[in-house]
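Numbering (the UniProt record's numbering), first residue to last: 1 to 411.
C-beta atoms are modelled at their ideal positions from N, C-alpha and C, and glycine is treated no differently.
Small disclaimer: the values here were computed from a predicted structure and weren't measured.
Right, one structure below, let's go through it.
Listed below in structure tokens is the structure:
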């Protein structure tokens, strides 16, 4: 019998190996289709070949490692996560979900399954390079095409990036999931404090919050800081700063709402010049779409007021509006049962972050198993996991797949 503890250590060791494949020496930074992505693909391909899996890289750069089902028309269970990172990231966000998927497949090698098993290493989830996330998983759902014209900071489009990497954009339709999809399971670190506070190694995600991403451009008039009286100023930064504080205040007063102004760019940016323009972003999230929509309307109305009070114009660009996504109830039940079999409590919790599971949930049953984040940090070099929690997650994952096999075999 396969030693699951050893396999969980392999999953952890693989995260350390993949962390070395980075665009920036001394930190972990790996954006969509950067050169180190090829090293990640090569490492995972070698592991997949060791397991006897059929490997391909689809037209969006996703690595697909497949174990065939017992018949050509058998449904497919998908396991995986993403391998891109934010700048100066930790080693486990996304990547651990991929290595755990491979570990599950290794644990089940030689066991008969009534379905195909496909491991996914999504090329892009974070939205760092092109400002919009989930390029990888959108390819599986056939919804990538509208993003192909997006451009990065260097003016390169998504389409250009695919071609420059050697991918065939004409084959993008072939990246879509084909045949019957049994569902998708994603392992992921929690990236927050809930499981740590509950003393739980793992948790079952009940829903993924909806989110809005909005760009706000305040435009006033740059002028001399010493010779322009306060009543004659059109200070763009003052309006934007007031908006940032209003977003914080509303989120603190609204249970479950989180609001972040994560970017503030001020021009001309001199100590003795009144800011003529201020560009900022808003990231707004809540599990209830109606609450989130109401908060967004209130904040944009406030932003317009702050601008008008200062003689400043405001332009608003909506970059993303993603509804809240509930996870599949049957898969959640199987995960809780699998955890119970391992002597683990697996509390339900809402994911405050977006994940590939929310994209795939549009086309198939989807579920997520969170692992505790001991220091509640993510998108940070000090991101942590407990080895024993990785072991627990692997055991739950293997038990989940076996329970699903039993369910499907009984049909």
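Between the beta-carbon of residue i and the beta-carbon of residue j, is there less than 8 Å?
{"i": "residue 362", "j": "residue 81", "result": "no"}
{"i": "residue 223", "j": "residue 278", "result": "no"}
{"i": "residue 209", "j": "residue 352", "result": "yes"}
{"i": "residue 139", "j": "residue 13", "result": "no"}
{"i": "residue 226", "j": "residue 272", "result": "yes"}
{"i": "residue 5", "j": "residue 389", "result": "no"}
{"i": "residue 399", "j": "residue 369", "result": "no"}
{"i": "residue 207", "j": "residue 287", "result": "yes"}
{"i": "residue 310", "j": "residue 238", "result": "yes"}
{"i": "residue 339", "j": "residue 346", "result": "yes"}
{"i": "residue 396", "j": "residue 335", "result": "yes"}
{"i": "residue 275", "j": "residue 220", "result": "yes"}
{"i": "residue 150", "j": "residue 214", "result": "no"}
{"i": "residue 247", "j": "residue 314", "result": "no"}
{"i": "residue 113", "j": "residue 405", "result": "yes"}
{"i": "residue 413", "j": "residue 132", "result": "What is shown of the chain runs 1 to 411, which leaves residue 413 out entirely."}
{"i": "residue 159", "j": "residue 148", "result": "yes"}
Would DSSP call residue i helix, strand or coil?
{"i": "residue 65", "result": "strand"}
{"i": "residue 373", "result": "coil"}
{"i": "residue 49", "result": "helix"}
{"i": "residue 80", "result": "strand"}
{"i": "residue 1", "result": "With a pLDDT of only 49 at residue 1, under 50, the local geometry of the prediction cannot be trusted, and no value is derived from it."}
{"i": "residue 102", "result": "helix"}
{"i": "residue 351", "result": "strand"}
{"i": "residue 123", "result": "coil"}
{"i": "residue 232", "result": "helix"}
{"i": "residue 154", "result": "coil"}
{"i": "residue 248", "result": "helix"}
{"i": "residue 86", "result": "coil"}
{"i": "residue 58", "result": "coil"}
{"i": "residue 28", "result": "strand"}
{"i": "residue 10", "result": "helix"}
{"i": "residue 283", "result": "strand"}
{"i": "residue 271", "result": "coil"}
{"i": "residue 277", "result": "strand"}
{"i": "residue 322", "result": "strand"}
{"i": "residue 312", "result": "coil"}
{"i": "residue 368", "result": "strand"}
{"i": "residue 117", "result": "strand"}
For residue i, tell me which candidate among the options has the shortest Cα-Cα distance.
{"i": "residue 417", "options": "58, 129, 367, 343", "result": "The shown model of the chain, from 1 to 411, leaves out residue 417, and the question about it has no answer."}
{"i": "residue 153", "options": "62, 303, 130, 168", "result": "130"}
{"i": "residue 202", "options": "16, 405, 387, 65", "result": "387"}
{"i": "residue 326", "options": "336, 289, 317, 313", "result": "289"}
{"i": "residue 358", "options": "136, 26, 45, 19", "result": "136"}
{"i": "residue 142", "options": "171, 149, 114", "result": "171"}
{"i": "residue 254", "options": "294, 265, 264", "result": "294"}
{"i": "residue 134", "options": "320, 383, 333", "result": "320"}
{"i": "residue 21", "options": "70, 204, 84, 404", "result": "84"}
{"i": "residue 16", "options": "55, 163, 3, 89", "result": "89"}
{"i": "residue 186", "options": "242, 371, 31, 383", "result": "371"}
{"i": "residue 197", "options": "56, 240, 376, 217", "result": "376"}
{"i": "residue 56", "options": "264, 146, 38, 312", "result": "38"}
{"i": "residue 122", "options": "30, 150, 3, 308", "result": "30"}
Suppose the cutoff is 6 Å on Cβ atoms and the five residues either side in sequence are ignored; what does the same chain contact list for residue i look like?
{"i": "residue 68", "result": "116"}
{"i": "residue 180", "result": "75"}
{"i": "residue 191", "result": "353, 373, 378"}
{"i": "residue 168", "result": "59"}
{"i": "residue 251", "result": "257, 258, 259"}
{"i": "residue 194", "result": "349"}
{"i": "residue 18", "result": "40, 95"}
{"i": "residue 323", "result": "210, 289"}
{"i": "residue 175", "result": "58, 59, 60, 139"}
{"i": "residue 244", "result": "261"}
{"i": "residue 242", "result": "306"}
{"i": "residue 48", "result": "55, 65"}
Excluding the 5 residues flanking residue i on each side, which residues of the same chain have their C-beta closer than 7 Å to its C-beta?
{"i": "residue 296", "result": "212, 284"}
{"i": "residue 1", "result": "Caution applies to residue 1, whose pLDDT of 49 falls short of 50 and renders its modelled position unreliable; the model cannot decide the point."}
{"i": "residue 165", "result": "33, 61"}
{"i": "residue 43", "result": "17, 18"}
{"i": "residue 218", "result": "236, 239, 240, 277, 278, 307, 312, 314"}
Going along the chain, which residues of its own chain have a beta-carbon closer than 8 Å to the beta-carbon of residue i, five neighbours each way excluded?
{"i": "residue 328", "result": "183, 361, 365, 366, 367"}
{"i": "residue 53", "result": "65, 66, 67, 105, 119"}
{"i": "residue 11", "result": "96, 99, 100, 102, 103, 390, 394"}
{"i": "residue 291", "result": "254, 256, 257"}
{"i": "residue 73", "result": "179, 180"}
{"i": "residue 93", "result": "85, 86, 188, 189, 191, 378, 379, 383"}
Is the Cβ of residue i closer than 8 Å to any Cβ of chain D?
{"i": "residue 124", "result": "Any reference to chain D falls outside this structure, which holds one protein chain only."}
Practice task
Kindly provide the ranges of any alpha helix (DSSP H) runs that are 4 or more residues long and lie completely inside the region 167–220, ordered along the chain.
Solution key: 194–198
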